[in-house]
Amino acid sequence: MFSLLVMASAYWGTPWMLEALGRSLIAEDTLHPADAILVLGGESREGDRVRHAVKLFKRGLAPLLVLSGTPMGFRTHEVDVMRRHAEFLGVPPARILIVKHDSDSTREEAGVVVPILKRRGLKEVILVTSNYHTARAKRIFEGAAGRSGPHFLASPVDDGLFEPDGWWMRRRYAKTFVYEAIKTVWSGIEVE
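If you read the sequence shown in my numbering, its first letter stands for residue 5, the second for the next number, and so on.
This is the structure we're talking about:
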(Lines of atoms letter the chains of each structure in order from A and count residues from 1; the text may use other names and numbers.)
(Lines give C-alpha, C1' and ligand atoms only; values in the text may rest on other atoms or scores of the structure.)
Protein backbone atom coordinates (compact mmCIF):
# COMPACT_ATOMS: atom_id res chain seq x y z
CA MET A 1 0.00 0.00 0.00
CA PHE A 2 2.78 2.42 0.95
CA SER A 3 4.64 1.86 -2.33
CA LEU A 4 1.43 2.47 -4.27
CA LEU A 5 0.96 5.75 -2.40
CA VAL A 6 4.58 6.79 -3.15
CA MET A 7 4.20 5.93 -6.85
CA ALA A 8 0.90 7.81 -7.10
CA SER A 9 2.29 10.93 -5.41
CA ALA A 10 5.39 10.84 -7.63
CA TYR A 11 3.23 10.51 -10.73
CA TRP A 12 0.74 13.26 -9.87
CA GLY A 13 3.23 15.43 -8.01
CA THR A 14 5.80 15.56 -10.80
CA PRO A 15 3.97 18.04 -13.07
CA TRP A 16 3.42 20.35 -10.10
CA MET A 17 7.12 20.21 -9.18
CA LEU A 18 8.20 20.77 -12.78
CA GLU A 19 5.87 23.76 -13.10
CA ALA A 20 7.30 25.19 -9.88
CA LEU A 21 10.81 24.80 -11.30
CA GLY A 22 9.74 26.54 -14.50
CA ARG A 23 8.09 29.38 -12.60
CA SER A 24 11.24 29.84 -10.50
CA LEU A 25 12.97 31.26 -13.59
CA ILE A 26 10.42 34.07 -13.90
CA ALA A 27 10.33 37.25 -11.81
CA GLU A 28 7.50 39.71 -12.30
CA ASP A 29 7.15 42.80 -10.17
CA THR A 30 4.20 45.12 -9.77
CA LEU A 31 5.12 48.05 -11.95
CA HIS A 32 4.87 51.69 -10.99
CA PRO A 33 6.48 54.82 -12.45
CA ALA A 34 10.27 54.52 -12.61
CA ASP A 35 13.19 56.55 -13.93
CA ALA A 36 13.86 54.35 -16.96
CA ILE A 37 13.00 51.16 -18.81
CA LEU A 38 16.05 49.00 -19.56
CA VAL A 39 15.81 46.54 -22.45
CA LEU A 40 18.52 43.88 -22.26
CA GLY A 41 20.39 42.64 -25.31
CA GLY A 42 19.85 39.21 -26.79
CA GLU A 43 16.62 40.31 -28.42
CA SER A 44 14.68 37.76 -30.41
CA ARG A 45 14.28 38.32 -34.14
CA GLU A 46 10.69 39.38 -33.55
CA GLY A 47 11.51 42.47 -31.46
CA ASP A 48 9.32 41.34 -28.56
CA ARG A 49 11.41 43.03 -25.87
CA VAL A 50 11.40 46.41 -27.59
CA ARG A 51 7.68 46.17 -28.35
CA HIS A 52 6.96 45.37 -24.68
CA ALA A 53 9.19 48.21 -23.46
CA VAL A 54 7.53 50.70 -25.81
CA LYS A 55 4.11 49.71 -24.43
CA LEU A 56 5.39 50.44 -20.92
CA PHE A 57 6.88 53.74 -22.12
CA LYS A 58 3.58 54.77 -23.73
CA ARG A 59 1.76 53.92 -20.48
CA GLY A 60 3.92 56.61 -18.88
CA LEU A 61 5.86 54.24 -16.64
CA ALA A 62 9.21 55.90 -17.42
CA PRO A 63 10.48 58.88 -19.43
CA LEU A 64 13.59 57.10 -20.75
CA LEU A 65 14.18 53.92 -22.75
CA VAL A 66 17.66 52.41 -22.25
CA LEU A 67 18.67 49.91 -24.94
CA SER A 68 21.59 47.61 -24.20
CA GLY A 69 23.22 45.24 -26.66
CA THR A 70 26.18 43.76 -28.49
CA PRO A 71 27.42 43.69 -32.09
CA MET A 72 25.49 41.46 -34.49
CA GLY A 73 28.06 41.33 -37.26
CA PHE A 74 28.15 42.94 -40.69
CA ARG A 75 28.91 46.31 -39.03
CA THR A 76 25.52 46.20 -37.36
CA HIS A 77 24.84 46.59 -33.67
CA GLU A 78 21.70 45.13 -32.10
CA VAL A 79 20.97 48.38 -30.23
CA ASP A 80 20.86 50.27 -33.52
CA VAL A 81 18.19 47.85 -34.74
CA MET A 82 16.39 48.12 -31.39
CA ARG A 83 16.54 51.94 -31.54
CA ARG A 84 15.06 52.05 -35.05
CA HIS A 85 12.30 49.70 -33.92
CA ALA A 86 11.51 51.84 -30.85
CA GLU A 87 11.46 55.01 -32.94
CA PHE A 88 9.21 53.33 -35.51
CA LEU A 89 6.84 52.45 -32.65
CA GLY A 90 6.73 56.09 -31.58
CA VAL A 91 9.47 56.70 -29.00
CA PRO A 92 11.15 60.09 -29.59
CA PRO A 93 14.91 59.75 -30.25
CA ALA A 94 15.65 62.12 -27.35
CA ARG A 95 14.01 59.59 -24.98
CA ILE A 96 16.33 56.73 -25.99
CA LEU A 97 19.71 56.01 -24.42
CA ILE A 98 21.93 53.55 -26.28
CA VAL A 99 24.45 51.38 -24.40
CA LYS A 100 26.74 49.50 -26.78
CA HIS A 101 29.03 46.89 -25.31
CA ASP A 102 30.75 43.64 -26.13
CA SER A 103 29.54 41.65 -23.12
CA ASP A 104 29.49 37.89 -23.14
CA SER A 105 27.08 37.38 -20.23
CA THR A 106 24.34 39.05 -18.23
CA ARG A 107 26.87 39.71 -15.45
CA GLU A 108 29.20 41.50 -17.89
CA GLU A 109 26.25 43.45 -19.31
CA ALA A 110 25.28 44.56 -15.79
CA GLY A 111 28.88 45.61 -15.18
CA VAL A 112 28.67 47.98 -18.15
CA VAL A 113 25.08 49.22 -17.79
CA VAL A 114 24.73 49.76 -14.02
CA PRO A 115 27.52 52.38 -13.74
CA ILE A 116 25.87 54.35 -16.57
CA LEU A 117 22.51 54.23 -14.78
CA LYS A 118 24.19 55.36 -11.53
CA ARG A 119 25.96 58.28 -13.24
CA ARG A 120 22.60 59.45 -14.57
CA GLY A 121 21.19 59.33 -11.02
CA LEU A 122 18.52 56.74 -11.81
CA LYS A 123 16.98 55.20 -8.70
CA GLU A 124 14.39 52.81 -10.11
CA VAL A 125 14.55 50.97 -13.43
CA ILE A 126 12.10 48.60 -15.10
CA LEU A 127 14.07 45.63 -16.41
CA VAL A 128 12.70 44.13 -19.64
CA THR A 129 13.93 40.75 -20.82
CA SER A 130 12.60 37.32 -21.82
CA ASN A 131 10.37 35.73 -19.18
CA TYR A 132 12.77 32.85 -18.43
CA HIS A 133 15.64 35.32 -17.95
CA THR A 134 13.98 37.73 -15.49
CA ALA A 135 14.83 36.09 -12.15
CA ARG A 136 18.51 35.65 -12.96
CA ALA A 137 18.83 39.05 -14.66
CA LYS A 138 17.18 40.88 -11.77
CA ARG A 139 19.42 39.13 -9.23
CA ILE A 140 22.54 39.97 -11.24
CA PHE A 141 21.60 43.61 -11.86
CA GLU A 142 20.57 44.15 -8.23
CA GLY A 143 23.90 42.64 -7.16
CA ALA A 144 25.84 44.89 -9.52
CA ALA A 145 23.94 47.95 -8.27
CA GLY A 146 24.50 47.22 -4.59
CA ARG A 147 22.75 49.13 -1.84
CA SER A 148 23.15 52.48 -3.59
CA GLY A 149 20.92 51.29 -6.42
CA PRO A 150 19.30 51.60 -8.77
CA HIS A 151 16.54 49.18 -7.81
CA PHE A 152 15.18 46.99 -10.62
CA LEU A 153 11.57 45.97 -11.31
CA ALA A 154 11.30 42.89 -13.54
CA SER A 155 8.86 42.99 -16.45
CA PRO A 156 8.97 39.67 -18.32
CA VAL A 157 8.37 39.29 -22.04
CA ASP A 158 6.76 36.18 -23.50
CA ASP A 159 8.86 35.77 -26.63
CA GLY A 160 7.66 32.24 -27.38
CA LEU A 161 10.81 30.53 -26.14
CA PHE A 162 9.50 29.38 -22.75
CA GLU A 163 6.22 28.58 -21.06
CA PRO A 164 6.40 27.47 -17.41
CA ASP A 165 3.25 25.33 -17.66
CA GLY A 166 4.19 22.08 -19.35
CA TRP A 167 7.68 23.22 -20.39
CA TRP A 168 8.93 19.63 -20.11
CA MET A 169 6.53 18.49 -22.87
CA ARG A 170 7.87 20.76 -25.64
CA ARG A 171 11.43 20.52 -26.87
CA ARG A 172 11.86 24.30 -27.36
CA TYR A 173 10.71 25.08 -23.83
CA ALA A 174 12.71 22.22 -22.29
CA LYS A 175 15.83 23.36 -24.11
CA THR A 176 15.33 26.93 -22.87
CA PHE A 177 14.77 25.66 -19.32
CA VAL A 178 17.96 23.58 -19.33
CA TYR A 179 20.07 26.43 -20.76
CA GLU A 180 18.70 28.93 -18.26
CA ALA A 181 19.09 26.51 -15.34
CA ILE A 182 22.75 25.99 -16.27
CA LYS A 183 23.28 29.75 -16.62
CA THR A 184 21.61 30.30 -13.23
CA VAL A 185 23.95 27.81 -11.55
CA TRP A 186 26.95 29.25 -13.40
CA SER A 187 26.07 32.84 -12.43
CA GLY A 188 26.01 31.72 -8.80
CA ILE A 189 29.57 30.37 -8.93
CA GLU A 190 31.04 32.73 -11.53
CA VAL A 191 34.23 34.44 -10.38
CA GLU A 192 34.28 38.23 -10.62
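The C-beta atom is built at its ideal place from N, Cα and C for all residues, glycine as well.
Where the alpha helix (DSSP H) through residue i begins and ends
| i | result |
| --- | --- |
| H56 | 52–62 |
| L121 | 110–123 |
| A90 | 82–92 |
Residue burial classification, residue i (beta-carbon count within 10 angstroms, cutoff 16)
| i | result |
| --- | --- |
| T138 | buried |
| A24 | exposed |
| I130 | buried |
| A149 | buried |
| D39 | buried |
| K142 | buried |
| V182 | exposed |
| S109 | exposed |
| T180 | buried |
Of the residues the options, the one placed nearest residue i, counting alpha carbons only
| i | options | result |
| --- | --- | --- |
| S159 | T180, K122, E50, A66 | A66 |
| P75 | V85, A40, F166 | V85 |
| K187 | I144, L165, A148 | I144 |
| D33 | V132, S191, F61 | V132 |
| H56 | S107, A90, P168 | A90 |
| P37 | F78, E128, L165, R151 | E128 |
Close beta carbons around residue i, own chain, < 6 Å, minus the five adjacent residues each side
| i | result |
| --- | --- |
| D52 | V161, D163 |
Sequence-distant residues of the same chain with beta carbon closer than 7 Å to residue i, five excluded per side
| i | result |
| --- | --- |
| R87 | L71, I100, I102 |
N-terminal and C-terminal residue of the beta strand (DSSP E) that residue i is part of
| i | result |
| --- | --- |
| T133 | 128–134 |
| L101 | 100–104 |
| P75 | 75–77 |
| E41 | At residue 41 the sequence reads Ile, which differs from the Glu that was named. I41 -> beta strand (DSSP E) spans 40–43. |
Beta carbon proximity, residue i to chain C, threshold 7 Å
| i | result |
| --- | --- |
| R176 | Annotation note: the requested chain C is absent from the structure, which comprises a single protein chain. |
Contact set for residue i: own chain, Cβ-Cβ below 8 Å, skip 5 residues either direction
| i | result |
| --- | --- |
| E112 | H105 |
Scan the segment 146–190 and note each continuous beta strand (DSSP E) run of 3 residues or more that stays entirely inside, going in chain order. 155–161
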